[in-house]
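Please read the structure below before turning to the comments.
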Amino acid sequence: MSETRRTGFYPGSFDPVTYGHLDIIGRAARLFDRLIVAVGVNHAKSGLLPVEKRLEVLDAAIAPLRERTECDIRLAKYTCLTVDAARRAGAVAIIRGLRDGSDFDYEVRMAQTNTTLDPEIETIFLAASPTTRTISSSLIRQIAEMGGDIRHFLPMEAAEAVREALAKKGE
Ligand code: ADP
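When we follow this note's numbering, the leftmost residue of the sequence shown carries the number 3, and every step to the right adds one.
Have a look at this one:
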């Protein structure tokens, strides 16, 4: 790989991946030669989908995008600080999506903290697209728990994984 290739690092919980995340991934893929989509593993918070399932679903969801882009999109998981994981991946920037004011307040604080920890790694914010900006993984989990139809908000494989995880939880 030549040294001029630029790597971006898109971290998140992706529990589950949504059309909002996929919008950010598709747009970030236009900015970088390589994009690492990384699932942050939080041992204190297990979430709904097991991490391996989140990765499996992400892999299926980004398959069509991989066909259309020159960008080398890879998946990873990490347990360390995001900024450390980004540095180890050789990334020049962390990508985050911004939906609204509450994302903004939280994300700017995180970005500034990460800059203190590693000034070499920039955070780049992509504004959510109008058609997907209301989507959030937590809302999807709530809708699904109450028996609502989540298929508008996320790819089929992801919706199926949520359904299975909730059925297992209810056993
Ligand atoms: P985290 O727990 O790190 O916030 P998420 O999986 O919820 O993980 O989100 C990962 C990133 O994707 C965050 O930057 C979040 O703001 C962004 N994101 C989530 N949903 C959307 C959306 N609908 N549109 C744009 N960005 C989004």
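Virtual Cβ for every residue (Gly too), placed ideally from N, Cα, C.
- request: Taking the CB atoms as reference points, tell me whether G22 and G99 lie closer together than 8 Å.
  value: yes
message: According to DSSP, simplified to helix, strand and coil, what is E124?
response: strand
Touching by the beta-carbon criterion (3+ pairs, under 8 Å), the segment 38 to 47 and the segment 139 to 154: no
query: From L24 to V85, what distance separates their C-alpha atoms?
result: 22 Å
message: Less than 6 Å between C-beta atoms, sequence neighbours within five positions excluded: which residues of the same chain meet that for I126?
response: A95, I97
task: Just mark S4 as buried or exposed, buried being the case when its beta carbon has 16 or more other beta carbons within 10 Å.
output: For S4, the predicted structure reports a pLDDT of 49, less than 50, and the residue's modelled location is therefore unreliable. The matter cannot be settled from this model.
task: Work out the CA separation of A113 and E124 for me, nearest whole Å.
output: 8 Å
task: Check whether the segment 70 to 80 touches the segment 101 to 119, counting contact only when three or more Cβ pairs, one atom from each stretch, lie closer than 8 Å.
output: The answer is no - the segment 101 to 119 does not touch the segment 70 to 80, with fewer than three Cβ pairs under 8 Å.
- prompt: Does the segment 49 to 64 come close enough to the segment 5 to 13 that 3 or more CB-CB pairs lie under 8 Å?
  reply: no
query: Could you give the C-beta distance for L128 and I64, rounded to a whole number, given that I count them as a contact under 8 Å?
result: Contact doesn't hold; Cβ gap of about 16 Å is too wide.
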